[in-house]
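Chains as they are written, first to last, in our numbering: chain A, 1304 to 1442; chain B, 58 to 316.
By construction, the Cβ of each residue, glycine as well, lies at the ideal position given by its N, Cα and C atoms.
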Amino acid sequence: MSNSEELQNSGTVVGSNVKLTGTLKDVNDIIVHGKVEGEIESQKLVVVSENASVKGPITADQITISGNVNGSVTAHTKFELLPGGNVTGSITTKDLIIQSGALFNGKCIMITGNEKNIEVKDDKESKKEETKDTAYELE
Amino acid sequence: MYYYILEPAKIVRKSKWQKTVKQKLSDYQISGEYTIPSPARTIEEIIMIGLSKQYSTFVVGGSDNFINRVISTLINIYYKNPNYQIVIGLIPSDKDSLIAENLNLKNLDEICLALQQRYFTKFSIGHLEPNKFFFSPLIINQKDNEKFIISTSDYQIFTYCYQIIIDSEMNLSIMSKNKSSFLNKLSDIFIDHKQIATSISKFSNKKFIIRSEDGSKSVLRGGEIIAKTPISVTRIRNLLNIIVKRGNIKVVKNEKENE
């Protein structure tokens, strides 16, 4: 897709020569080619392209990643991790695709049925709950 | 009756353009009172005379720069007296007019037809603080990439770019040349600058504050320098009633009739 076509089709485009810090929200698509330090939120699609990096949570209807993401990712409909993509953090989604050549380190929660809002618990809290459960079983 | 404010004809070509416009307007039977600003009578005075004569439709003809100046003056008057209900028609004279492109007006006939029908919609206007307004985009242009910091209430952007464009709806575009490597720099000597790959960024927000790291940069509106960085721009939603052309209505003939 050429730059001009990309501009027409998408809401926000963070170019490769741009570093953005803060919260980026848009009703339309968000495409990241540069660096973002902060939260990204879209009601449609978020694309993190090659050589792009995001440090912070991403929430959108669909998310496609072929760059680096360090943070939790919540895709209400579909999440796709493409070759070369790297996600460190939890993934919450209904439909998950991780292609060969991608890196994923973290926890994955699959949404079932029509539920969309799932609270992602911290690792420490979930570990506490696990220990409680095991203690109960032993008794 | 319309109240026309035309750009002063400093060159022969403009004088011819004025005559053509007046002829076309009379052909479409929408002629009215014509005024031209001069050192003796400023744009503001001309507008005040029109308002005192209770004209409700002001038509501005000229370059993008002139149209922006008149609109800026009109809005300043409007803020002093919000009771005025003015409808504005525009006759852009520049061949590459961004205003004409924005309103999808291709030639003088289309403009005259739109003025004749007087179909208007509300348009947002950009506000360059403290007291300047813009209808055509603001442009910050540099020969090469320079560092700019753009802030909003939600985020801050750090970028090396050669062009920043902000339209009246607060859509901001950033153009950067991708030439970080030595080989790319070397290729600049042999390749036309227009062919150098650029990366484009696009953002929307209610307010942008733009500042440059390397001194103040000129901000252009319709080819005229109207400010220098740092600048703060906001959007005033649905402020002006501007005459636009109606949507194209396709006349579809009944196939049976044709048969």
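Query: Name, please, each residue of chain B whose Cβ falls closer than 9 Å to the Cβ of His1336 (chain A).; Result: Ser256 and Ser258
Query: Are at least three pairs of beta-carbons, each pair with one atom in the segment 182-193 of chain B and one in the segment 208-228 of chain B, less than 8 Å apart?; Result: yes
Query: Exposed or buried, which one is Gly272 (chain B) when buried takes at least 16 other CB atoms within 10 Å?; Result: exposed
Query: Can you tell me the Cβ-Cβ gap for Gly107 (chain B) and Glu64 (chain B), rounded? I've got them flagged as a contact below 8 Å.; Result: Not quite, the Cβ-Cβ distance comes to about 16 Å (not below 8 Å), so this is no contact.
Query: Run through DSSP, which three-state label would Ser150 (chain B) get?; Result: coil
Query: Report all residues from its chain with a CB closer than 7 Å to the CB of Phe190 (chain B); omit the five preceding and five following residues, and keep chain order.; Result: Ile128, Ser129, Ile132, Ile182, Gly183 and His184
Query: Measuring only between beta-carbons, confirm whether Lys235 (chain B) sits less than 8 Å from chain A.; Result: One point to set straight first is that residue 235 (chain B) is Asn, not Lys, in the sequence displayed. At least one chain A Cβ lies under 8 Å of Asn235 (chain B).
Query: Along the chain, where does the beta strand (DSSP E) that runs through Phe1382 (chain A) open and close?; Result: Val1376 to Leu1384
Query: What residues from chain A crowd round Tyr217 (chain B), counting only those whose CB sits closer than 7 Å?; Result: Asn1320
Query: Kindly indicate the opening and closing residues of the beta strand (DSSP E) around Gln213 (chain B).; Result: Tyr212 to Ile223
Query: Counting only beta-carbon atoms, is Ile222 (chain B) nearer than 8 Å to chain A?; Result: no
Query: Restricting to runs no shorter than 4 residues, where is the alpha helix (DSSP H) found entirely within the segment 144-193 of chain B?; Result: 155-160 and 165-174
Query: According to DSSP, simplified to helix, strand and coil, what is Thr114 (chain B)?; Result: strand
Query: Strictly under 8 Å for the Cβ-Cβ distance: is Val1350 (chain A) near chain B by that measure?; Result: no
Query: Do you know how far the Cα of Ala1405 (chain A) is from the Cα of Leu147 (chain B)?; Result: 55 Å
Query: State buried or exposed for Tyr60 (chain B), treating a residue as buried only when at least 16 other CB atoms are found within 10 Å of its CB.; Result: buried
Query: Roughly how many angstroms separate the alpha carbons of Ile288 (chain B) and Arg126 (chain B), rounded to a whole number?; Result: 18 Å
Query: Here's the rule: buried if 16 or more other CB atoms are within 10 angstroms of the residue's CB, otherwise exposed. What is Val1330 (chain A)?; Result: exposed
Query: List the endpoints of the continuous beta strand (DSSP E) containing Asn1408 (chain A).; Result: Leu1406 to Asn1408
Query: Buried or exposed for Leu1323 (chain A), please, with buried defined as at least 16 other CB atoms from any protein chain shown within 10 angstroms of its CB.; Result: buried
Query: Can you tell me which of the three DSSP states Gln252 (chain B) falls into?; Result: Here the model assigns Gln252 (chain B) a pLDDT of 48, short of 50, so the residue's position is not dependable and the matter cannot be decided.
Query: In angstroms, rounded to a whole number, what distance separates the CA positions of Thr291 (chain B) and Phe265 (chain B)?; Result: 7 Å
Query: So Ile145 (chain B) and Asn295 (chain B) are in contact, right, with Cβ under 8 Å, and what is the actual spacing, rounded?; Result: Not a contact, Cβ separation roughly 13 Å.
Query: Any contact between the segment 1377-1387 of chain A and the segment 1357-1367 of chain A? By contact I mean 3 or more CB pairs, one from each, below 8 Å.; Result: yes
Query: At a Cβ threshold of 8 Å, is Thr1395 (chain A) touching chain B?; Result: no
Query: Can you give, in chain order, each stretch of the alpha helix (DSSP H) that sits fully within the segment 60-126 of chain B and has at least 4 residues?; Result: 69-84 and 100-109
Query: For Asp1398 (chain A), I'd like the list of residues in its chain whose CB is within less than 6 Å of its CB, leaving aside the five on either flank, ordered along the chain.; Result: Lys1381
Query: Mind pulling the chain A residues with CB within less than 8 Å of Asp211 (chain B)?; Result: Gly1325, Thr1326, Leu1327 and Lys1328
Query: Assign Phe273 (chain B) to one of three DSSP states: helix, strand, or coil.; Result: According to the sequence displayed, residue 273 (chain B) carries Ser and not Phe. In this structure, Ser273 (chain B) counts as coil in the three-state DSSP scheme.
Query: Since Ile257 (chain B) sits in a beta bridge, which residues does DSSP pair it with?; Result: B:Met232
Query: Quick one: residues in its chain with C-beta nearer than 6 Å to the C-beta of Gln252 (chain B), no 5 flanking neighbours on either side, listed in chain order?; Result: The predicted model places Gln252 (chain B) with a pLDDT of 48, which falls under 50 and marks its position as unreliable, so this point remains unresolved.
Query: Can you pull the chain B residues whose beta carbon is under 9 Å from the beta carbon of Thr1315 (chain A), in chain order?; Result: Ser258, Lys259, Phe260 and Ser261
Query: Checking contacts by CB at 8 Å: is Gly1374 (chain A) closer than that to chain B?; Result: no
Query: Gly1341 (chain A) versus chain B: which residues are under 7 Å apart at the beta carbon?; Result: Tyr212
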